[in-house]
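In UniProt numbering, the protein residues as written are 1 to 113.
Quick reminder that beta carbons are idealized off the backbone N, C-alpha and C, glycines included.
Heads up, the thing below is written out as structure tokens.
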């Protein structure tokens with residue numbers, strides 16, 4: 001357990017993610033950087049979701065109704081968050097019970113010489 005304090009500037013969602021993972025797992029310096037980016041991304045998603053909730057999912061435009069741009073960006077940020085978390089290679093709960101560890105997100109790559 002590393003138990004590092006959350007970086008400055010994180011909001012509630014980012015702090016929750018930071019503490020959930022940093023309290024539970026031993027993280028190397030590069031993994032802490034990935035976690036910092038993931039926590040920041042979680043904050044961005046929460047802020048975008050708050051905009052959508054206050055403005056509504058649909059907005060008027062000269063072409064008619066369209067999806068709120070914050071909803072579109074939130075979807076993109078969720079993809080980023082999923083990739084950052086996958087890069088951390090945190091074992092799933094069912095993996096813990098079997099004692100196995102997940103492989104790399106996209107497999108192993110051999111260096112070209």
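By Cβ distance, which residues of its chain are closer than 7 angstroms to residue 34, with the 5 residues on each side in sequence left out? By one-based count along the chain shown, residue 34 stands at place 34. Answer for residue 34: 84, 87 and 88, listed in chain order.
Could you tell me how far apart the beta carbons of residue 80 and residue 41 are, in whole angstroms, since I believe they sit closer than 8 angstroms? On the chain shown, position 80 is the one that residue 80 refers to. On the chain shown, position 41 is the one that residue 41 refers to. Confirmed, about 5 angstroms.
Checking 8 angstroms against the spacing of the C-beta atoms, do residue 6 and residue 46 come in under that value? Within the chain shown, residue 6 is the residue found at index 6, counting from 1. Within the chain shown, residue 46 is the residue found at index 46, counting from 1. No, the Cβ-Cβ distance between residue 6 and residue 46 is not below 8 angstroms.
CB residue 22 to CB residue 4, shorter than 8 angstroms? Reading the chain shown from its first residue, position 22 is the one you call residue 22. Reading the chain shown from its first residue, position 4 is the one you call residue 4. Yes, the pair counts as a contact, with Cβ atoms nearer than the cut-off.
Using DSSP bridges, identify the partner residues of residue 61. The count along the chain shown starts at 1 and reaches residue 61 at position 61. 64, per the DSSP bridge assignment.
As assigned by DSSP and simplified to three states, the class of residue 87: Residue numbering aside, residue 87 sits at position 87 when the chain shown is read from its first letter. Note: residue 87 maps to helix in three-state DSSP.
Starting from residue 41, trace the alpha helix (DSSP H) both ways and give me its first and last residue. Translated into positions along the chain shown, residue 41 becomes position 41. Residues 29 to 55.
Beta carbon of residue 74 nearer than 8 angstroms to that of residue 48: Within the chain shown, the letter at position 74 stands for residue 74. Within the chain shown, the letter at position 48 stands for residue 48. With respect to the 8 angstroms criterion, residue 74 and residue 48 are classified as neighbours on the basis of their beta carbons.
Taking the alpha carbon of residue 20 as the reference point, which residue from 68, 36, 9 and 50 has its own alpha carbon closest? The residue labelled residue 20 in the question sits at position 20 within the chain shown. For the residues 68, 36, 9 and 50, the minimum Cα distance to residue 20 belongs to 36.
Separation of residue 39 from residue 32, as counted between CA atoms: Position 32 of the chain shown holds residue 32. Position 39 of the chain shown holds residue 39. The straight-line gap from Cα to Cα measures roughly 10 angstroms.
From residue 55 to residue 9, what does the alpha carbon distance come to, in whole angstroms? One-based indexing of the chain shown puts residue 55 at position 55. One-based indexing of the chain shown puts residue 9 at position 9. Separation of residue 55 and residue 9 (C-alpha to C-alpha, rounded to the nearest whole angstrom) is 25 angstroms.
Taking DSSP as the reference, what is the three-state secondary structure of residue 73? Numbered from 1 along the chain shown, position 73 holds the residue referred to as residue 73. Residue 73 falls in the helix class under three-state DSSP.
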